[in-house]
Amino acid sequence: MTAPAVLWLRRDLRLRDHPALMAAAEAGPVLPLFVLDPVLLAAAGSPRVAFLYRTLRALREDLRGWGGDLVVRSGAPETVVPSVVAQAGAGSVHVSADCAPYGRARDARVESALARVPLVRTGSPYAVRPGRVMRRDGGPLRVYSAFYRAWVDHGWRRPAPSDPRRVTWSLLDGEDVPPDPELPAGLKLPEAGERSAREAWRRFRAQALGGYGHERDRPDLDATSRVSPYLKFGSLHPRTLLADLGPSDETYRRELAWREFYAAVLYFWPASAREYFVPRLASLPWSTGPQAERDWSAWISGRTGYPLVDAGMRQLLGEGWMHNRVRMVVASFLVKDLHIEWTRGARHFMRHLVDGDLASNQHGWQWTAGTGTDPAPFFRVFNPSLQARRFDPDGTYIRRWVPELEGIGAPSVHEPWRSPSGPPGGYVAPIVDHSVERERTLSDYAALRS
Numbered sequence: 003m004t005a006p007a008v009l010w011l012r013r014d015l016r017l018r019d020h021p022a023l024m025a026a027a028e029a030g031p032v033l034p035l036f037v038l039d040p041v042l043l044a045a046a047g048s049p050r051v052a053f054l055y056r057t058l059r060a061l062r063e064d065l066r067g068w069g070g071d072l073v074v075r076s077g078a079p080e081t082v083v084p085s086v087v088a089q090a091g092a093g094s095v096h097v098s099a100d101c102a103p104y105g106r107a108r109d110a111r112v113e114s115a116l117a118r119v120p121l122v123r124t125g126s127p128y129a130v131r132p133g134r135v136m137r138r139d140g141g142p143l144r145v146y147s148a149f150y151r152a153w154v155d156h157g158w159r160r161p162a163p164s165d166p167r168r169v170t171w172s173l174l175d176g177e178d179v180p181p182d183p184e185l186p187a188g189l190k191l192p193e194a195g196e197r198s199a200r201e202a203w204r205r206f207r208a209q210a211l212g213g214y215g216h217e218r219d220r221p222d223l224d225a226t227s228r229v230s231p232y233l234k235f236g237s238l239h240p241r242t243l244l245a246d247l248g249p250s251d252e253t254y255r256r257e258l259a260w261r262e263f264y265a266a267v268l269y270f271w272p273a274s275a276r277e278y279f280v281p282r283l284a285s286l287p288w289s290t291g292p293q294a295e296r297d298w299s300a301w302i303s304g305r306t307g308y309p310l311v312d313a314g315m316r317q318l319l320g321e322g323w324m325h326n327r328v329r330m331v332v333a334s335f336l337v338k339d340l341h342i343e344w345t346r347g348a349r350h351f352m353r354h355l356v357d358g359d360l361a362s363n364q365h366g367w368q369w370t371a372g373t374g375t376d377p378a379p380f381f382r383v384f385n386p387s388l389q390a391r392r393f394d395p396d397g398t399y400i401r402r403w404v405p406e407l408e409g410i411g412a413p414s415v416h417e418p419w420r421s422p423s424g425p426p427g428g429y430v431a432p433i434v435d436h437s438v439e440r441e442r443t444l445s446d447y448a449a450l451r452s
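Take the position in the sequence shown, starting the count at 1, then add 2; the result is the number in my numbering.
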């Protein structure tokens with residue numbers, strides 16, 4: 003009999019459009035494995051861990067429908083994977099390549115521990131594997147616009163024709179998926195699993211893709227795809243989405259490319275997940291002390307007195323997700339109005355975001371902070387009131403998340419402190435003056451860039 007092939011799943015929790023599954027199926031009966039790695043679980047907040055567990059349960063149900071099952075084991079992968087290989091008598095281990103710093107080091111340890119059993123990498127969580135899109139002289143790209151042109155020129159494969167009906171499955175005892183961790187009160191997570199992911203994408207294509215180019219920045223509208231949690235865990239592959247886009251969907255294609263760009267930046271500059279991409283800006287004079295802690299508490303709880311900022315931070319607590327335009331506004335406010343270091347905000351996001359992705363999160367924060375890959379982002383200081391008037395013109399999004407402002411219409415809802423009676427009872431006055439803090443930020447950045 004042909005030896006089983008272990009399919010070690012990580013960020014590819016699906017059965018369709020799965021090159022590593024196809025490669026495993028060609029090698030022998032497929033034994034799907036997921037390792038509950040304590041290192042990765044400790045780094046994730048409870049919303050993301052709960053969504054992962056729900057995704058695993060959905061995948062196990064799908065596999066059982068095709069005669070297979072998901073083997074779940076806990077522990078260090080370099081111990082667990084060889085143990086499963088030995089128990090199953092497997093002849094190979096198949097994975098989608100992990101290009102992040104921890105994943106690359108982990109896979110090298112597993113590969114060494116497997117000895118004579120090969121670790122076969124097929125595909126990745128990206129349309130184009132990080133490290134393949136380069137400058138013409140062979141160097142890495144650090145500016146998005148140049149990366150996007152090279153990425154499009156490189157191109158990507160069509161969705162892989164993987165079909166679980168044609169797979170012979172191998173079975174082995176494992177563990178139950180753990181119960182969900184305790185979640186913040188009132189948190190509502192999206193439905194998990196591949197079927198939910200595909201339904202979310204189908205619904206977006208039918209209802210909102212056509213208007214995405216001019217409505218994507220409107221948090222008051224249901225105008226975005228909301229598939230980022232599914233991309234995070236691989237319930238959908240970006241190649242699947244790209245195959246459904248036409249010539250008129252360029253804006254959405256560019257948004258997918260940002261995810262690919264930041265993965266490439268992390269691949270070539272792994273220290274940028276924790277350190278400043280522009281090192282000299284590490285000397286910026288960040289605020290510390292009791293006042294900074296009070297400002298931090300106001301920011302994380304959505305009590306800054308700036309309605310759009312507060313709405314975004316409350317959405318993060320309520321959904322484990324935040325609209326992308328609002329993510330930039332709240333990040334800018336923390337860094338450039340409150341002068342609190344971007345690394346702290348990035349950690350807070352990673353604890354609360356269901357779609358928390360190291361490359362996208364860290365480099366998105368660096369872009370907003372003015373310390374990242376963009377050539378001159380320190381000039382961008384988002385005015386939260388102007389952003390609210392432009393992208394939430396009627397205040398619908400604000401009132402959805404800040405019920406203290408429920409009875410206030412536009413334009414007063416954007417700056418309630420300017421009304422003759424001041425902010426309504428229960429809502430705070432602004433904790434800082436944006437115009438004053440903007441000038442301080444520009445001065446601080448200019449001093450370090452000169």
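Where is the CB? At the ideal position from N, CA and C, for every residue including glycine.
(request) Would you kindly work out how many angstroms separate the C-alpha atoms of Leu35 and Thr4, rounded to a whole number? (result) Working through the sequence shown from its first residue, we reach residue 35 at position 33. Working through the sequence shown from its first residue, we reach residue 4 at position 2. Taking the straight line from one Cα to the other gives about 18 Å.
(request) Return helix, strand or coil for Arg220, following the three-state DSSP convention. (result) As a first step, residue 220 is located in the sequence shown; it is residue number 218 there, counting from the start. Looking at Arg220 - three-state DSSP - the assignment turns out to be coil, as it is neither helix nor strand.
(request) Counting only the same chain and skipping the five closest in sequence on each side, list residues whose C-beta sits under 7 Å from that of Ala348. (result) The residue labelled residue 348 in the question sits at position 346 within the sequence shown. Result list for Ala348: Asn363, Gln364 and Trp367, in chain order.
(request) Mind checking which residues open and close the alpha helix (DSSP H) that includes His354? (result) Position 352 of the sequence shown holds residue 354. Residues Trp344 to His354.
(message) Measuring only the C-alpha atoms, how far is Ala259 from Leu355?
(response) If you number the sequence shown from 1, residue 259 lands on position 257. If you number the sequence shown from 1, residue 355 lands on position 353. Using only the alpha carbons, I get a separation of about 20 Å.
(message) Less than 8 Å between C-beta atoms, sequence neighbours within five positions excluded: which residues of the same chain meet that for Asp64?
(response) Position 62 of the sequence shown, counting from 1, holds the residue named residue 64. Only Leu17, Pro166, Gly195, Glu196 and Arg197 meet the Cβ criterion.
(request) Starting from Ser437, trace the alpha helix (DSSP H) both ways and give me its first and last residue. (result) What you label residue 437 is simply residue 435 of the sequence shown in a count that begins at 1. Unbroken alpha helix (DSSP H) run through Ser437: His436 to Arg451.
(request) Drop a sphere of 10 angstroms on the beta-carbon of Glu496, count the other beta-carbons inside from all chains shown, and report buried for 16 or more, exposed for fewer. (result) This structure does not reach residue 496, given that the chain is present from 3 up to 452, and the question cannot be answered.
(request) Could you pull out every unbroken beta strand (DSSP E) segment of at least 3 residues lying fully inside the segment 56-89, listed in chain order? (result) 73-76
(message) Tell me the rounded alpha-carbon separation between Gly428 and Leu191.
(response) Here residue 428 refers to the residue found at position 426 when the sequence shown is read from its first residue. Here residue 191 refers to the residue found at position 189 when the sequence shown is read from its first residue. Cα-Cα distance, rounded: 28 Å.
(message) Taking the beta carbon of Asp359 as the centre, do at least 16 other beta carbons fall within 10 Å, making it buried, or is it exposed?
(response) Mapped onto the sequence shown, residue 359 falls at position 357. Counting Cβ neighbours within 10 Å, Asp359 comes out buried, since at least 16 surround it.
(message) Output needed for Val384: all residues of its chain with C-beta closer than 6 Å, excluding positions within five of it in sequence on either side, in chain order.
(response) The sequence position of residue 384 within the sequence shown is 382, counting from 1. Residue 384 is actually Phe in this sequence, not Val. Cβ within range, chain order: Val331 and Ser334.
(message) With H, G and I counted as helix, E and B as strand and the rest as coil, what does DSSP make of Asp403?
(response) Looking up residue 403 in the sequence shown gives position 401. Note on residue identity: the sequence assigns Trp, not Asp, to residue 403. Trp403 falls in the helix class under three-state DSSP.
(request) Indicate whether Glu417 and Ser437 have their beta-carbon atoms separated by less than 8 Å. (result) Taking the sequence shown and counting its residues from 1, one reaches residue 417 at position 415. Taking the sequence shown and counting its residues from 1, one reaches residue 437 at position 435. Going by C-beta atoms, Glu417 is not nearer than 8 Å to Ser437.
(request) Output yes or no for whether 8 Å exceeds the beta carbon distance between Val97 and Ala22. (result) Residue numbering aside, residue 97 sits at position 95 when the sequence shown is read from its first letter. Residue numbering aside, residue 22 sits at position 20 when the sequence shown is read from its first letter. Yes, these two residues count as a Cβ contact at 8 Å.
(request) Determine the extent of the alpha helix (DSSP H) in which Ala7 is found, giving its start and end residues. (result) Taking the first residue of the sequence shown as position 1, residue 7 is located at position 5. From DSSP, Ala7 is part of no alpha helix (DSSP H) but of the beta strand (DSSP E) over Ala7 to Leu11.
(request) Mind checking which residues open and close the alpha helix (DSSP H) that includes His156? (result) By 1-based counting over the sequence shown, the position of residue 156 is 154. Note, His156: alpha helix (DSSP H), Tyr146 to His156.
(message) Restricting to Cα atoms, I'd like to know which of Glu295, Leu33 and Ala92 is closest to Arg66.
(response) In the sequence shown, the residue the question calls residue 66 occupies position 64. Among Glu295, Leu33 and Ala92, the Cα nearest to that of Arg66 is on Leu33.
(request) To the nearest angstrom, report how far apart Leu148 and Gly30 are at their CA atoms. (result) Your numbering for residue 148 matches position 146 in the sequence shown. Your numbering for residue 30 matches position 28 in the sequence shown. Checking the sequence, you will find Ala at residue 148 rather than Leu. The alpha-carbon atoms of Ala148 and Gly30 are separated by roughly 42 Å.
(message) By the DSSP assignment, the beta strand (DSSP E) with Ser94 in it spans what residues?
(response) Here residue 94 is taken as the residue at index 92 of the sequence shown, counted from 1. Start and end: Ser94 to Val97.
(message) What residue range does the alpha helix (DSSP H) around Phe263 cover?
(response) Position 261 of the sequence shown holds residue 263. Looking at the DSSP string, the run of the alpha helix (DSSP H) that includes Phe263 is Glu252 to Phe270.
(message) Distance check for Ala284 and Asp376, CA to CA, integer angstroms please.
(response) Here the question's residue 376 lines up with position 374 in the sequence shown. Here the question's residue 284 lines up with position 282 in the sequence shown. Taking the straight line from one Cα to the other gives about 16 Å.
(request) Please go through the same chain and pick out, in chain order, the residues whose beta-carbon is closer than 7 Å to the beta-carbon of Pro413, but skip the five residues on each side of it. (result) Stepping through the sequence shown from its first residue, residue 413 is reached at position 411. Result list for Pro413: Arg391, in chain order.
(message) By the DSSP assignment, the beta strand (DSSP E) with Leu33 in it spans what residues?
(response) Here residue 33 refers to the residue found at position 31 when the sequence shown is read from its first residue. Taken as a continuous stretch (DSSP letters only), the beta strand (DSSP E) holding Leu33 covers Val32 to Leu38.
(message) Taking contact to mean 3 or more Cβ pairs, one atom from each stretch, closer than 8 Å, check whether the segment 144-162 and the segment 258-272 are in contact.
(response) yes
(request) Taking the CB atoms as reference points, tell me whether Tyr254 and Tyr214 lie closer together than 8 Å. (result) Within the sequence shown, numbered from 1, the residue matching residue 254 stands at position 252. Within the sequence shown, numbered from 1, the residue matching residue 214 stands at position 212. Against a cut-off of 8 Å, the Cβ pair of Tyr214 and Tyr254 comes out as a contact.
(request) May I ask you to report which of helix, strand or coil DSSP gives Leu336? (result) The residue labelled residue 336 in the question sits at position 334 within the sequence shown. Looking at Leu336 - three-state DSSP - the assignment turns out to be helix.
(request) For Arg118, count neighbouring Cβ atoms within 10 angstroms of its own Cβ and tell me buried if that reaches 16, exposed if not. (result) Here the question's residue 118 lines up with position 116 in the sequence shown. Exposed: under 16 other Cβ atoms inside 10 Å.
(message) Suppose you measure from the CA of Val8 to the CA of Ser85; what does that come to, to the nearest Å?
(response) In the sequence shown, counting from the first residue as 1, residue 8 sits at position 6. In the sequence shown, counting from the first residue as 1, residue 85 sits at position 83. Going by the C-alpha atoms only, they are around 11 Å apart.
(message) At the level of alpha carbons, what is the spacing between Pro405 and Ala187?
(response) Translated into the one-based positions of the sequence shown, residue 405 becomes position 403. Translated into the one-based positions of the sequence shown, residue 187 becomes position 185. In a straight line, the C-alpha of Pro405 is about 17 Å away from that of Ala187.
(request) Look up Trp171 in the DSSP assignment and say whether it is helix, strand or coil. (result) Within the sequence shown, numbered from 1, the residue matching residue 171 stands at position 169. Strand at Trp171.
(message) Less than 6 Å between C-beta atoms, sequence neighbours within five positions excluded: which residues of the same chain meet that for Ala361?
(response) Here residue 361 is taken as the residue at index 359 of the sequence shown, counted from 1. Within the same chain, Ala361 has close Cβ partners Tyr264, Ala265 and Leu268.
(message) Assuming Arg205 is part of the alpha helix (DSSP H), what are its boundary residues?
(response) Stepping through the sequence shown from its first residue, residue 205 is reached at position 203. It spans Glu196 to Gln209 - the alpha helix (DSSP H) in which Arg205 sits, taken as one unbroken run.
(message) Taking 7 Å as the limit between beta carbons, can you name the residues of its chain near Val395, skipping five residues before and five after?
(response) Position 393 of the sequence shown holds residue 395. Contrary to the premise, residue 395 reads as Pro rather than Val in this sequence. Result list for Pro395: Ala412, in chain order.
(request) Note down, in chain order, each residue of its chain lying with its Cβ closer than 6 Å to the Cβ of Leu340, except the 5 sequence neighbours on either side. (result) Translated into positions along the sequence shown, residue 340 becomes position 338. Around Leu340: Asp297.
(message) Does Leu191 come out as helix, strand or coil in the three-state DSSP assignment?
(response) Counting from one through the sequence shown, the residue named residue 191 turns up at place 189. Leu191: coil per DSSP, three-state reduction.
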